[in-house]
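Visitor:
Chains as they are written, first to last, in this note's numbering: chain A, 547 to 859; chain B, 547 to 859; chain C, 547 to 859; chain D, 547 to 859.
(1) So is residue 634 of chain A in contact with chain C if we call contact Cβ pairs under 8 Å?
(2) Of all the beta strand (DSSP E) runs that stay within the bounds of the region 593-652 of chain C, which reach a length of 3 or more residues?
(3) Helix or strand or just coil, what does DSSP make of residue 794 of chain C?
(4) Assign residue 779 of chain D to one of two classes, buried (16 or more other C-beta atoms within 10 Å of its C-beta) or exposed (fewer than that).
(5) Should residue 547 of chain D go down as buried or exposed, given a rule of 16 or more other Cβ atoms within 10 Å for buried?
(6) Which residues in the same chain as residue 669 of chain D place their Cβ atom closer than 8 Å to its Cβ, once the five residues preceding and following it in sequence are excluded?
(7) Which stretch, first to last residue, makes up the beta strand (DSSP E) that contains residue 575 of chain C?
(8) Pull up the CB-CB distance for residue 723 of chain B and residue 630 of chain B, whole angstroms please, since I reckon it's below 8 Å.
(9) What three-state label does DSSP hand residue 723 of chain D in the structure shown?
(10) Can you pull the DSSP bridge partners for residue 702 of chain C?
(11) Closer than 7 Å, Cβ to Cβ, to anything on chain C: give me those residues from the region 551-572 of chain A, in chain order.
(12) To which residues does DSSP link residue 584 of chain D through a beta bridge?
(13) Might you give, ordered along the chain, the residues of its own chain that have their beta carbon closer than 8 Å to the beta carbon of residue 666 of chain A, omitting 5 neighbours on each side?
(14) Should residue 603 of chain C be counted as a contact of the ligand GTP given a C-beta to heavy atom distance under 7 Å?
(15) Tell me which residues of the region 754-780 of chain C have at least one Cβ-Cβ distance to chain D shorter than 9 Å, keeping chain order.
(16) Looking at the structure shown, is residue 802 of chain D part of a helix, part of a strand, or coil, going by DSSP?
(17) Let me check understanding here. Comparing Cα to Cα, which of C:792, C:757, C:603 lies closest to residue 729 of chain C?
(18) So residue 762 of chain C is in the beta strand (DSSP E); what residue range does that whole segment cover?
(19) According to the Cβ coordinates, are residue 854 of chain C and residue 760 of chain C closer than 8 Å?
(20) Using a C-beta to C-beta distance shorter than 8 Å, which residues of chain A count as neighbours of residue 610 of chain C?
(21) So what does DSSP say about residue 809 of chain B, is it helix, strand or coil?
(22) If contacts are defined as beta-carbon pairs under 8 Å, then residue 763 of chain A and residue 749 of chain A qualify, I think. What distance do you get, rounded to the angstrom?
(23) Go to residue 713 of chain D, then tell me how far its beta strand (DSSP E) extends in each direction, as first and last residue.
(24) Looking only at its chain, what residues have a beta carbon closer than 6 Å to the beta carbon of residue 825 of chain C, apart from the 5 residues adjacent to it on each side?
(25) Would you verify that the beta carbon of residue 664 of chain A is, or is not, closer than 8 Å to some beta carbon of chain C?
(26) Scan the region 590-611 of chain C for residues whose Cβ lies nearer than 8 Å to a Cβ of chain D and list them as they occur along the chain.
(27) Residues of chain A with a CB under 8 Å from the CB of residue 585 of chain B: which are they?
(28) So what's residue 684 of chain D in DSSP terms, helix, strand or just coil?
(29) Can you give me the Cβ contacts of residue 635 of chain B inside the same chain, cut-off strictly under 6 Å, excluding the 5 residues immediately before and after it?
(30) Taking only beta-carbon positions, decide if residue 790 of chain A is within less than 8 Å of chain B.
(31) Evaluate residue 822 of chain C with the Cβ neighbour count: other Cβ atoms within 10 Å of its Cβ, from every protein chain shown; 16 or more gives buried, anything less gives exposed.
(32) Taking a Cβ distance cut-off of 8 Å, strictly less, list which residues of the region 812-826 of chain B are near chain D, in chain order.
(33) For residue 766 of chain B, count neighbouring Cβ atoms within 10 angstroms of its own Cβ and tell me buried if that reaches 16, exposed if not.
(34) Between residue 631 of chain A and chain B, is there a C-beta pair that is closer than 8 Å?
(35) Helix or strand or just coil, what does DSSP make of residue 552 of chain B?
(36) Is the distance from the Cβ of residue 595 of chain A to the Cβ of residue 656 of chain B below 8 Å?
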């Protein structure tokens, strides 16, 4: 049976992927909230969406639906608000009897996962998150091939995605609100690496500023050099020449992992899994949340033999 | 020589057409402001755009550029903010020595045009507006064909463009901020009709609510029945069946004016005209601003023989 | 034992009375939230108050305290936010395991009381409101004297309290947010009248605009003509001459009820009663919420023999 | 003749002193703006104040008055907004033909004074600021007594004024918006010291964090050790015991300067001086703005023989 969805943060950048996933999984969007009112995007999905600019009024509406006929209540709340509000918006959803599908990172700080787990238990509702690389066909295949041996691999992760000055003016540039570069643009990759190569042994952080971070991670079956940046000057020459503004590369033992294809509709795939009871929960989200938290709070290590090549330029 | 542009309201719905027009006319976007910080759209145009969330800091930046080298100063400010702020943002631009390209409606109330004209005179800068139907090739042709005779035509204007509940929650649904349906979605058409058929003789308004308005206008060479709505229930059956959410029709003496094609990049065309010194100024904007103001403040007339057919349903 | 309090809306006009009541009843203010950050007033009460400008972060903090040691959890939340947010903020408090002391009007619309009652039942926490005239010594005395007979009294209520143009610009001037004049400035008096003279039989409303409202109420033991206004032009001559900006009068059978004294610290009195288990709950709030809702939605009656004298001027 | 005033930031902490000064110098408050709508304070001064919550609409109103009859135009704008908006709000005032009385610090960064001076010249209007210690009778006397000799004095400035956690959540705790402790709570004292002892020779800064700053200044005729803090733990024991929350001390050659009296209505005194053409202009504001800017950007010096005693605890 078709489910009723409500979306928090519907005016933001990532919301359309959730709107599409709701529609493409055959469900209904019935309510939405955003502090800004520029949400004409809704008209592409439905003309029957109650809209609010204040979370309090949204909460009132969801409470009203909870007390009304079963077919009207909200079954799922999709959370697309700024990172630092995720856990609070998840709580709101659980309290009105809804399950949650929350953008990554589920939370910025690991202890907020504990609180969410307790409220899950109290409300008997579940929080899921979007770890979309785990449903990417090429990466699933890679994982299977890696699982067969216990070898320790050498991995290099490079992700450079240019952002203009607006990025630092927005909540994304505010560490308290976004968690900084490692959390905001890196968490997917860190989750992927742990999923591929096992739990974290130790970390080093060599560089940390508003634009870029770089470090080393020892995983059960990999030694990872990573470099993340939103500064276009970090793009490799070949990317610049080609007019590319994003460069993404993962190499395993020097061999490039091919995963540039297959990114379409990963949100929809995660929705499908979640609706089928195979979603990613708090337990799944925890390792990468802990890792990024540790990276954020780590002391800077002096450069040794381990850094990512871009740091040694 | 390439001009420097700044955009006010860069996070809103209509801003991308201005961003595209700036780029496609070979100019540079160098600064932008929006009260909301979700403006990743900028990265599609340039990575060198100073961004602000407060109009005061934007003003400081423009003042600084005004006092710096000539090649750095802002030549044009594009105003894409909510309607009720247009004139204030135009003033800001004129005061820092820039010309203006302002979204329609230039202002909600005609007396604000007087103030803008005076500041134009004081600052020697010009305010232009977007009256894009006047650069539509099919409509230019229609105008020429009509110009040849003094006949009085019977015109029917129907524009129904579905909007969900968010519309009424947003500034667009607030009459004080948008001017209401006739101003917000209708002003282009009213400008077009005056441009095609000459000045307004008299008006009647038969219906006026948050969702729709309808009335009659006597122009020098036409008698116009008009109907404007954001309510999807007003769509004609054939549109509903075809899954259309917008219905736009102008008939002249019972014959449909074909203008569904040619809408691409009309903003860019207006920019080209403006940069070539053939833009639409305050004088051009005035008649439709006055007409929509009169419509807004008119008493409701009892239905007589003149109303638009959709009102007689 | 001393209780921990948190205050929602601490930067507003009425908050200091709550801050004082918390202090003067020997309790501790430990957390506060307001969307505006101009809350230096806190320093007059305590230097140990966690402060938030976002309700989501405030909620996170209260949840954290709920999960910590018993002596740290919030026992009471005082709600001083704009009227239309009261019920949502009460829900927030109940959900984190706190009791509530909420400014009047508890809610704008009666059906929101139903939802609050259900959440009270679910959470085993209680919502109380400020009906401070019920603890005014002179009015308690009046009530006792009236209780002795079943006579039907003629009552005239006049309350004129001048407000400048800011009032109509603020949420108080927005009917949806404040409930309008009868609700925002009148509800205390309507509660008082019902408390003194018994339940409502019927009502008439003669006048209703943004500035003033006037009508007639039949109570079990009184016929009430009432007039409420925020327009200084309605002040009686003697008040104007004396430079007064507020005029408050209740007459019973032509005799003035004296209650200008004794207004000091009525909030503190209500807090004392509430802490002693004798507070005013949803049941107490309901009759005046229903009455003001009925007044708001009533048709205007033509003037007959019953109106308040100020309407007949 | 009585002047017309408008106030920017009328809902904030410092605004009432300006409202009082406007009234007590016999002038008229006719317009006000604040982003928050909780401005009932206005009713204590006048019921005829146009109020706005958006600077754009306020600007429209002032422009309208500028174009109307001379007796209606705004003669003075009082700026009480957050520090980082001061210069932008001064510009707004100058552009609508008003003179300005701006709270301290006039600007955070000295280069913004240059821009203001140029706009003063363009508009023929003047910017004044509040340097109220310069009109304090006891300090005027001190200055006269010091002027008679060329001695170099040893000065110790200690100012500790407790603030709760809200301070750091508000704009005051944001260095970019307030300038930090030295600028926000210290600038009066730095202006005073320069005014008493002549221009700055050199500075050292020993300590700098969100709560406190401390350093050394060489002035023409004084060597100053200073300590500024908003942390109540820095209060001297005697203050703590007495329940004081603020400690203010200036000693000259070991002798306490008595200036605890005479603080009443210094804003009104500054208004009187300004209206009489003896106000403090950009030139007067500059030295302390430059000094606090230098302090803000200084490297931390290692502790040597010069620090303030509280640093050596």
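Yeah, the Cβ is synthetic: ideal placement off N, Cα and C, and Gly gets one too.
This one's a predicted model, so the numbers in the text were calculated from it and none came from an experiment.
Guide: Let me lay it out:
(1) yes
(2) Runs found: 596-598, 622-625, 645-648.
(3) Here residue 794 of chain C carries a strand assignment [DSSP, helix/strand/coil].
(4) exposed
(5) Classification of residue 547 of chain D: exposed, given that the 10 Å Cβ count is below 16.
(6) 640, 641, 643
(7) First-last of the beta strand (DSSP E) with residue 575 of chain C: 574-579.
(8) 4 Å
(9) helix
(10) C:771, C:797
(11) none
(12) DSSP, once it has assigned bridges, lists no residue as partnering residue 584 of chain D.
(13) 640, 672, 673, 828
(14) You won't find the ligand GTP in this model; it holds no ligand whatsoever.
(15) 778
(16) strand
(17) Residue C:757 is the option with its Cα nearest to residue 729 of chain C.
(18) 758-765
(19) Yes; because the gap between Cβ atoms is below 8 Å, this pair is in contact.
(20) 661, listed in chain order.
(21) coil
(22) Yes, residue 763 of chain A and residue 749 of chain A are in contact; Cβ-Cβ is about 5 Å, under 8 Å.
(23) According to the DSSP assignment, residue 713 of chain D belongs to no beta strand (DSSP E) but to the alpha helix (DSSP H) extending over 712-715.
(24) 674, 819
(25) yes
(26) 592, 593, 594, 595, 596, 597, 598, 599
(27) Taking the beta carbon of residue 585 of chain B as reference, the chain A residues within 8 Å of it are 712, 716, listed in sequence order.
(28) helix
(29) 554, 625, 627
(30) no
(31) exposed
(32) none
(33) By the 10 Å Cβ count, residue 766 of chain B comes out exposed.
(34) No, because no Cβ of chain B sits closer than 8 Å to the Cβ of residue 631 of chain A.
(35) strand
(36) no
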